[in-house]
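Worksheet: one structure, shown below.
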Amino acid sequence: MLTPTVSFSELSKNSKRVAERLDSEHRLLVTRRDGQDLYLTTAGYDQDREETADVAARLLAALLVADDGACVIGRALPAVFPWVRHLSAEELREFVGDLVDATHDAAQLDVHATLHRTIVEWRATARILADPGLTAQLTRALPDEDHGEVTAP
Numbered sequence: 065m066l067t068p069t070v071s072f073s074e075l076s077k078n079s080k081r082v083a084e085r086l087d088s089e090h091r092l093l094v095t096r097r098d099g100q101d102l103y104l105t106t107a108g109y110d111q112d113r114e115e116t117a118d119v120a121a122r123l124l125a126a127l128l129v130a131d132d133g134a135c136v137i138g139r140a141l142p143a144v145f146p147w148v149r150h151l152s153a154e155e156l157r158e159f160v161g162d163l164v165d166a167t168h169d170a171a172q173l174d175v176h177a178t179l180h181r182t183i184v185e186w187r188a189t190a191r192i193l194a195d196p197g198l199t200a201q202l203t204r205a206l207p208d209e210d211h212g213e214v215t216a217p
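In our numbering, the protein residues as written are 65 to 217.
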């Protein structure tokens, strides 16, 4: 879905016209030269997005506790995250649990960074596991040397 765009200067000069455009578009990307771009949206559209996230989180949680639900999620995940094939069965279960928790955080607490971080971290784990040389290097035994206490930076 392509989000329509307006410049920050257009918003400041023609705010009424931009607001009227929101009545039909529901969401606009406001581009800025001197900072991060912004999204301008209607309250109703934002509430719909929150409800969608909440429903997705509750569906995942309900599937997880349902008979054979974890298996269903496990079979569906490769279509969404193809890299999960590099995870062990235990790692896949842990990823699903983390994914459900992070989805709940996004829906219930409006904390979306946790979901993003969960996906990024598990994808990085899969990337390491996909490379046998890197896996061997990172899982080798450490030397028995003791280099003393590590102080806080």
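Cβ coordinates follow ideal geometry from the N, Cα and C atoms, glycine included. Keep in mind that this is a model prediction, so the values were computed, not measured.
Taking the CA atoms as reference points, Glu154 sits about 24 angstroms from Ala177.
Straight through space, the alpha carbons of Ala171 and Glu114 are spaced by roughly 6 angstroms. For Leu93, the enclosing beta strand (DSSP E) has its first and last residue at Arg91 to Thr95. Distance from the Cα of Arg149 is smallest, within the candidate group Glu74, Ala194, Val70 and Tyr103, for Ala194. Apart from sequence neighbours up to five positions away, the residues of its chain that approach Leu156 with a beta-carbon distance below 8 angstroms are Gly138, Leu141 and Val148, ordered along the chain.
Each residue's CA atom was taken as its position, placing Pro207 and Val214 some 16 angstroms apart.
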